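Here the structure comes first, spelled out in structure tokens, and everything after it is commentary.
Residue numbers (the UniProt record's numbering): 1 to 223.
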């Protein structure tokens, strides 16, 4: 009886997913740095009259604005600062990497899928972080923030939709859709719709050839 292909994949995923999430946690500051760097270019360009800079503090970003909130007793003026963390969206990177590494592929296919998928998912993280800021400006910053959104010509309903889409839908769905789209042959093999995928066949063929060569050498030595 042939061995089910599902069991090896499940065991491989059980090993790779925790490993990828651990690496994701250890590199969280670097991930936040990359997102903050992109936000520091994007948000001041979209709102030059309101956003001055985006700063990183550990795994948290702060969006410094020109919106004055109050004047202190010593004459200093308080400005509105928006905060958030990209990590609530960035876990999709670890999920995707774990699924790819658990898939039986050639090394070059692993690298290709990781390069393409992680680049796309980085945009998902940027989407979520930016819409988090837009949501805070629209609904949490009072009349000052609402005025910024109105001046930019953005609709509150669309901002709410973009925020929910980036928070609830994209992080869990995008990595799975990417993985399925890149590994259809393996999935057909996994559910029994077709024979083994090409990568698995090539790997098995090389293993059989190596075993055959080893057996021939052993027979010659015995003779």
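In this text, a Cβ means the ideal position worked out from N, Cα and C, and glycines have one as well.
Note that the structure is a prediction, hence the values are computed from the model and not measured.
Nearest CA to the CA of residue i: which residue from the options?
i	options	result
residue 19	98, 41, 42, 66	98
residue 170	139, 131, 16	131
residue 168	125, 38, 33	125
residue 229	181, 112, 174, 101	For residue 229 there is no data in the structure shown, the boundaries of the chain being 1 and 223.
residue 94	150, 144, 117, 85	117
residue 163	135, 96, 14, 103	135
residue 51	60, 58, 40, 59	40
residue 232	174, 151, 140	Any question about residue 232 goes unanswered here, given that the chain covers just 1 to 223.
residue 123	112, 175, 137, 158	175
residue 153	9, 142, 138	138
residue 87	35, 53, 155	35
residue 172	54, 128, 64, 184	128
residue 49	17, 145, 158	145
Would residue i pass as an interface residue toward chain B - the criterion being a Cβ-Cβ separation below 8 Å?
i	result
residue 62	In the structure shown, chain B does not exist; there is a single protein chain.
Is the beta carbon of residue i sitting closer than 8 Å to the one on residue j?
i	j	result
residue 83	residue 106	no
residue 78	residue 69	yes
residue 177	residue 47	no
residue 190	residue 26	no
residue 133	residue 43	yes
residue 179	residue 89	no
residue 92	residue 121	yes
residue 182	residue 113	yes
Over the uninterrupted beta strand (DSSP E) stretch that includes residue i, give me the two end residues.
i	result
residue 164	From DSSP, residue 164 is part of no beta strand (DSSP E) but of the alpha helix (DSSP H) over 156-164.
residue 55	51-57
Below 8 Å on the Cβ atoms is my guess for residue i versus residue j; work out the distance and round it to an integer in Å.
i	j	result
residue 32	residue 56	6 Å
residue 103	residue 21	The pair is not a contact, with the Cβ atoms about 17 Å apart (cut-off 8 Å).
residue 59	residue 28	5 Å
Which residue marks the beginning of the alpha helix (DSSP H) containing residue i, and which one marks its end?
i	result
residue 182	170-182
residue 80	Taken as a continuous stretch (DSSP letters only), residue 80 belongs to no alpha helix (DSSP H), being part of the beta strand (DSSP E) at 77-84.
residue 22	6-26
residue 100	87-102
residue 111	107-135
residue 142	142-151
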